[in-house]
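Undergrad: So for the first sequence, UniProt numbering puts the first residue at 1; every next one is plus one.
Where a beta carbon is used, it is the ideal one built from N, C-alpha and C, also for glycine.
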Amino acid sequence: MSSGYGNRRGRRGGGGRFGDGEDVWDRCAGPSGGGYQSNPGWESREGQARGGGRGARGGGARGKHPPHLKGREIGLWYAKWGGIKRSEAERKSVRTYVTSYFDGDDPPEGPQKMGKVAEMEPDKKQKQEQEEEKEVKMKAKVEPRERDLEYLFQDLVRKPALDVELKSDFQAKAENPKYLEMLVSERMSPVHYAQRLVSLVQASRVVVISGETGCGKTTQVTQFILDDYIQRGAGSLCRVVCTQPRRISAISVAERVAAERAESVGEGRSCGYQIRLQSRLPRKQGSVLYCTTGIILQWLRSDPCLSSISHLVLDEVHERSLQSDVLLAVVRDLLHSREDLKVVLMSATLNAEKFSKYFDNCPMIHIPGYTYPVEEYLLEDVVEMLRFRPQHQDRRPRFPRSFLQNQWTRPEKEAQEAEYRQSWPCFARSLRDRFSDDTIEALERLDEDDKINLDLIVALIRHIVMNEDDGAILVFLPGWDNISGLNDLLMHAPDPCRVTMPLSDQVFKRPPAGVRKIVIATNIAETSITVDDVVYVIDGGKIKETHFDTQNNISTMAAEWVSLANAKQRKGRAGRVSPGKCYHLYNGLRASLLDNYQLPEIQRTPLEELCLQIKILKLGPIASFLRKTLDPPSEKAIELAITHLKDLNALDRSEELTPLGFHLARLPVEPHIGKMILFGALLACLDPVLTIAASLSFKDPFCIPLGKEKLADHRRKILSKNSKSDHLTIVNAFWGWEDAKRRGYKCEREFCWDNFLSANTLQMLHNMKGQFAEHLWAAGFVRSKDLKDSSANINSGDSQGLSTTAEICVCHHRPVKVYTKADGKVCIHPKSVNAEETQFHYTWLIYHLKMRTSSIFLYDCTEVSPFSLLFFGGDISIQKDQEQETIAVDEWIVFQSPARIAHLVKNLKRELDVLLEEKIRQPRPVDWDDRGSSDCAVISAIIDLITTQESPSEAPWQERSWKAGQHWD
DNA sequence: GAGCACTGC
């Protein structure tokens, strides 16, 4: 048995001495996902609606529907508000309260509400407002994009007048009572840390700062650097940029820093932020900018040396996101050409050394974290304490563990399991001194089942509720099925565990006295949201992870054991407000075998998009750049990505960008989606194609609330308008939303509610569409930035017309034969409108994402006609096969066809290819006004062919065969 | 019959 974990057990965690003056930095400023600030009161504000419009409680909801409602509206009223009323009534009578949070539940408040903004003195404020107004008027004339570029390219030239101004401002601020108040209450930063840190940064080109979440490094380090420059009268030479992994943390940290500096965020101040489609930029010199990592990677395209930045601070590098790993590699190279650039890496303590080594053993400095101590318990402690005995399962014959487990276990995990099984007897013996035989037997039984034992969690929750002090309980589970399972169990548990499952904004509120809040969450609660009154954490021990199986060329998602870093992060969630307790539901042996960290994202993900980025950033040959990363991806994964890009015609044989590749690399989407966007523009069905592209690259706007699955399916089916297409369902939903929005806020809310749509997601999709349109316009593919421009939407049509035109573009997805479940190859995901469909017009579907979870699922698919496949599916060839003419797409989708038609199709397709290639080589919009032009003629002919073909029986072809061996999936 | 989490001038 490996050693070590036994010592961790029960150890006082955190090592913190909160409140111990000198060493305290700032315990509140969680650098990661500072999260949403909770409302101090438990009750919602009156009439305040949340997200999809489930609010309007209080005034209206008093037992009877408002008198003006009629018929169906009355039913709706009871459906919507009845549930809320019921839960309010129940809340008064029960002791325990469960609420849950997954992604997809919109947070109750926007991040903009974070942070306090200190007030300024009146005259200064007035002056500043005038200045701001002047500036806003000026800026209003400049397009946002140009403004950002102007911001990016400004040089860091010393401005003595600015230096003096900044310094005197700083000194004046030091006398401002409001600022001093903030300084005392918020920063409390010990001077010696600031000095040590600043001199270390001055002396070295790269510094690693390690410290746990909550030690305040994110908010403080940037300010130390800036204030040092200002005090030395060199403020104009300092421009700190700090990257964050999440949008929400970039905003909340910037807001917080501004508040600490007694300023507001952005526009000419010392602190601002920039995330996709949203920015409040600080003044050009003498400032700190918080941005997402992706933003810096985009900046590099225009300014490969980051010449306007004096200090680059990379936060949360230990999370090992794809983008942060790439940026690290870029920056390491950049240091050769930018001798004056200072780089600061901020990491959790566990592997700070790794980053130091990567940067030539650069100096490290540790910032102690100050959270409350958290006691940790392992599975054996929990089982012993609760005297828990697993229910007898129906005793199936015991298969070898690897068989019972996920049938696609990865080889590394296989080895770990073998070690676990081998060490078990020894571990069990070592437990005998401290634990009862019953406990050891229970542990063995728990081990037989790979699933998380929810009965155990219920028992543990009961124990905490009945025996422990007040404080919220946070339960980490890997996914939806566990969460809803646990919720069901709690719902049906006898008092005092009777629960209700209310709206998710109550996740963030403190419950009234005598009520216990229980939050069940996925790993979203590790970093992205913060429930700040948590005292007890139950760590289910599993986490869902995606991987990329290069052998079978498929993405996978499965629950895996957590890493030590996850476990530590989960534990930390218990010590934010008081000393806490954390129960890990895995035994000591398992704990000793946990990985330190999850596999870095770069090793778990397909690399196509990254390869294009490497090319457009001119970082050298793809493989040699990737080998320079901290933990390079496998050669096989690199090879696979390059092959795909060549197939897509984005890279040529010598791995250089083709004209198409160049455009794809510039669009902020995956290459497949990018191609769809370009073709959508050229074929004049821009608006719907952009909706689809935005949705595929961000997220689908549909939500499925717990218990409402059937109804949600039904509503989606209606929105699909029998198109047999998930893509067009989203287009219909989006149009419906736009229409509802035009009719007012109430209509919008109602439309979203009725159709299970997230208004926040739709708004984001709307913004992204605008961004895509701007790209297309800048590249010359469309005449106008307006994506509704009629010349770009000649083939968009509505309903009928749309279903075929949008299909054209969707064909840049992968095609697949319609299988039935019995075929066992792939399944249409149950969320798809095609899941239950039995009557297809055609035998082919195209899909965007295929992933292996419990089976291999196609997540979004659209039925396509053979003509669509022939014109947009790939290379076509005509052959004589057994005395019959056939026409084939990429040599594997083969149709039987009269020779005349086959040749007609082939010629037309060739013309289309020439036209598209020419347009991409020299972007310009198709001139639809000149109907006689050859462009128009070719495209119109194809569209006519596709749209007029009403039923398969009228088609001049017959499907001949499908060559299974050549299926490239 | 099923939904870890992020991100992009």
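1. Contact between the region 321 to 336 and the region 264 to 277 is defined here as three or more beta-carbon pairs at a separation below 8 Å; is this criterion met?
2. Would you identify the three-state DSSP class for tyrosine 370, choosing helix, strand or coil?
3. With distances taken from CA atoms, which of Val689, Tyr745, Ile367 and Gln603 is nearest serine 555?
4. For my contact list, lysine 544 and alanine 558 are in at a C-beta cut-off of 8 Å; report their separation, rounded to the angstrom.
5. Roughly how many whole angstroms lie between the Cα atoms of asparagine 453 and glycine 780?
6. Which residue from Pro245, Glu165 and Thr218 puts its Cα closest to that of tyrosine 229?
7. Can you give me the C-alpha to C-alpha distance between alanine 472 and alanine 712, rounded to a whole angstrom?
8. Could you tell me the alpha carbon to alpha carbon distance between isoleucine 856 and valine 206, rounded to whole angstroms?
9. Judging by CA-CA distance, which residue of Met851, Asp913, Leu912 and Ser832 is the nearest neighbour of threonine 605?
10. Under 6 Å Cβ to Cβ from leucine 657, same chain only, skipping five residues before and after it: list those, please.
11. With a CB to CB cut of under 7 Å and the five nearest residues on each side skipped, what residues in its chain are close to aspartate 163?
12. Between Leu869, Val344, Ile638 and Cys861, which lies nearest to asparagine 553 when the distance is taken from Cα to Cα?
13. Give the secondary structure of isoleucine 704 by DSSP, where H, G and I count as helix, E and B as strand, and everything else as coil.
14. In this structure, how does DSSP classify threonine 219 when only helix, strand and coil are distinguished?
15. Tell me whether valine 157 is buried or exposed, calling it buried when 16 or more other Cβ atoms sit within 10 Å of its Cβ.
16. Between the C-alpha atoms of lysine 721 and alanine 733, what's the straight-line distance to the nearest angstrom?
17. Alpha carbon to alpha carbon, how far is isoleucine 876 from leucine 870?
18. Tell me, please, which residues DSSP counts as bridged to valine 583.
19. Can the beta-carbon of lysine 710 be found closer than 8 Å to that of valine 833?
20. Provide the residue(s) that pair with glycine 471 in DSSP beta bridges, ordered along the chain.
21. Secondary structure at glutamine 896, three-state DSSP: helix, strand or coil?
22. From this set, Ile730, Val889, Leu678 and Gln879, which residue's C-alpha is nearest glutamate 918's C-alpha?
23. Can you tell me which of Ala459, Ala442, Glu448 and Val507 puts its alpha carbon nearest to the alpha carbon of leucine 474?
24. Closer than 8 Å is the cut-off here; do at least three beta carbon pairs connect the region 533 to 548 with the region 570 to 584?
25. Can you name the start and end residues of the beta strand (DSSP E) that phenylalanine 857 belongs to?
26. Indicate whether cysteine 238 and threonine 222 have their beta-carbon atoms separated by less than 8 Å.
27. Assign valine 343 to one of three DSSP states: helix, strand, or coil.
28. Are three or more beta carbon pairs between the region 607 to 614 and the region 650 to 666 nearer than 8 Å?
29. Give me the Cα-Cα distance between arginine 931 and alanine 937, rounded to the nearest whole angstrom.
30. Quick one: which unbroken beta strand (DSSP E) runs of 3-plus residues sit fully inside the region 231 to 298? Chain order, please.
31. Would you report the Cα separation of glutamate 212 and serine 347, rounded to the nearest angstrom?
32. Do lysine 571 and glutamate 376 count as a contact pair if the criterion is CB distance below 8 Å?
33. Look at the Cβ atom of arginine 247, then the Cβ atom of serine 528, and state whether they are nearer than 8 Å.
34. Name the DSSP bridge partner or partners of serine 725?
35. Keeping to the same chain, check which residues put their C-beta closer than 8 Å to that of tyrosine 420; ignore five residues upstream and five downstream.
36. In this structure, how does DSSP classify alanine 650 when only helix, strand and coil are distinguished?
TA: According to the data block:
1. Taking a contact to require three or more Cβ pairs closer than 8 Å, the region 321 to 336 and the region 264 to 277 do not qualify as touching.
2. Counting from one through the first sequence, the residue named residue 370 turns up at place 370. It is coil, neither helix nor strand.
3. Here residue 555 is taken as the residue at index 555 of the first sequence, counted from 1. Distances from the CA of serine 555 to each of Val689, Tyr745, Ile367 and Gln603 were compared; the closest alpha carbon is that of Gln603.
4. Along the first sequence, one-based indexing puts residue 544 at 544. Along the first sequence, one-based indexing puts residue 558 at 558. The beta-carbon separation of lysine 544 and alanine 558, rounded to 7 Å, stays under the 8 Å limit for a contact.
5. Position 453 of the first sequence, counted from the start, is the residue given in the question as residue 453. Position 780 of the first sequence, counted from the start, is the residue given in the question as residue 780. C-alpha separation (whole angstroms): 58 Å.
6. As a working mapping, residue 229 is identified with position 229 in the first sequence. Closest in alpha carbon position to tyrosine 229, among Pro245, Glu165 and Thr218, is Glu165.
7. If you number the first sequence from 1, residue 472 lands on position 472. If you number the first sequence from 1, residue 712 lands on position 712. Those two C-alpha atoms are separated by around 32 Å.
8. Taking the first residue of the first sequence as position 1, residue 856 is located at position 856. Taking the first residue of the first sequence as position 1, residue 206 is located at position 206. Between isoleucine 856 and valine 206, the C-alpha separation is close to 45 Å.
9. Here residue 605 corresponds to residue number 605 of the first sequence, with the count starting at 1. The shortest Cα separation from threonine 605 among Met851, Asp913, Leu912 and Ser832 belongs to Met851.
10. Residue numbering aside, residue 657 sits at position 657 when the first sequence is read from its first letter. Same-chain partners within the cutoff: Lys615.
11. On the first sequence, residue 163 is found 163 positions in, with the first residue counted as 1. The beta carbon of aspartate 163 lies closer than 7 Å to those of Gly233, Ala234, Gly235 and Ser236 in the same chain, with the five residues before and after it left out.
12. Stepping through the first sequence from its first residue, residue 553 is reached at position 553. Comparing Cα-Cα distances from asparagine 553 to each of Leu869, Val344, Ile638 and Cys861, the minimum goes to Ile638.
13. For the purposes of this step, residue 704 is taken as residue 704 along the first sequence, with counting starting at 1. Three-state result, isoleucine 704: coil.
14. Within the first sequence, the letter at position 219 stands for residue 219. Reduced to three states, the DSSP call for threonine 219 is helix.
15. Sequence index remark: in the first sequence, residue 157 carries index 157 (1-based). For valine 157, the number of other beta carbons within 10 angstroms of its own is below 16, and it is reported as exposed.
16. Walking along the first sequence from the start, residue 721 turns up at place 721. Walking along the first sequence from the start, residue 733 turns up at place 733. Rounded to whole angstroms, lysine 721 to alanine 733 spans 10 Å at the Cα level.
17. Reading the first sequence from its first residue, position 876 is the one you call residue 876. Reading the first sequence from its first residue, position 870 is the one you call residue 870. Going from the Cα of isoleucine 876 to the Cα of leucine 870 covers about 7 Å.
18. Indexing the first sequence from 1 puts residue 583 at position 583. Per the sequence shown, residue 583 should be read as tyrosine rather than valine. DSSP, once it has assigned bridges, lists Tyr377 and Ile538 as partnering tyrosine 583.
19. The residue given as residue 710 occupies position 710 in the first sequence. The residue given as residue 833 occupies position 833 in the first sequence. Between lysine 710 and valine 833, the C-beta spacing is not below 8 Å.
20. Counting from 1 along the first sequence, the entry for residue 471 is found at position 471. Looking at the DSSP output, glycine 471 bridges to nothing.
21. As a working mapping, residue 896 is identified with position 896 in the first sequence. Under the three-state reduction of DSSP, glutamine 896 is assigned to strand.
22. Indexing the first sequence from 1 puts residue 918 at position 918. Distance from the Cα of glutamate 918 is smallest, within the candidate group Ile730, Val889, Leu678 and Gln879, for Leu678.
23. On the first sequence, residue 474 is found 474 positions in, with the first residue counted as 1. The alpha carbon of leucine 474 has as its nearest neighbour, out of Ala459, Ala442, Glu448 and Val507, the alpha carbon of Val507.
24. Segment contact: the region 533 to 548 against the region 570 to 584, three or more CB-CB distances shorter than 8 Å; contact assigned.
25. Within the first sequence, numbered from 1, the residue matching residue 857 stands at position 857. Counting along the chain, the beta strand (DSSP E) containing phenylalanine 857 begins and ends at 856 to 858.
26. Looking up residue 238 in the first sequence gives position 238. Looking up residue 222 in the first sequence gives position 222. Threonine 222 is positioned such that its CB atom lies no closer than 8 Å to that of cysteine 238.
27. For the purposes of this step, residue 343 is taken as residue 343 along the first sequence, with counting starting at 1. Assigned with DSSP and collapsed to three states, valine 343 falls in strand.
28. Verdict: yes, contact present.
29. The residue given as residue 931 occupies position 931 in the first sequence. The residue given as residue 937 occupies position 937 in the first sequence. Here the alpha carbons of alanine 937 and arginine 931 stand approximately 7 Å from one another.
30. Listed in chain order, the beta strand (DSSP E) elements of length 3 or more contained wholly in the region 231 to 298 are 239 to 244, 271 to 275, 278 to 280 and 287 to 292.
31. Sequence index remark: in the first sequence, residue 212 carries index 212 (1-based). Sequence index remark: in the first sequence, residue 347 carries index 347 (1-based). For glutamate 212 and serine 347, the distance between alpha carbons rounds to 8 Å.
32. If you number the first sequence from 1, residue 376 lands on position 376. If you number the first sequence from 1, residue 571 lands on position 571. Contact check for glutamate 376 against lysine 571 passes: the beta carbons are separated by less than 8 Å.
33. As a first step, residue 247 is located in the first sequence; it is residue number 247 there, counting from the start. As a first step, residue 528 is located in the first sequence; it is residue number 528 there, counting from the start. No. Outside cutoff.
34. As a first step, residue 725 must be located in the first sequence, where it is residue number 725. In DSSP, serine 725 forms a bridge with Thr862.
35. One-based indexing of the first sequence puts residue 420 at position 420. Here the set comprises Leu589, Arg590 and Leu593.
36. Within the first sequence, residue 650 is the residue found at index 650, counting from 1. Alanine 650: coil per DSSP, three-state reduction.
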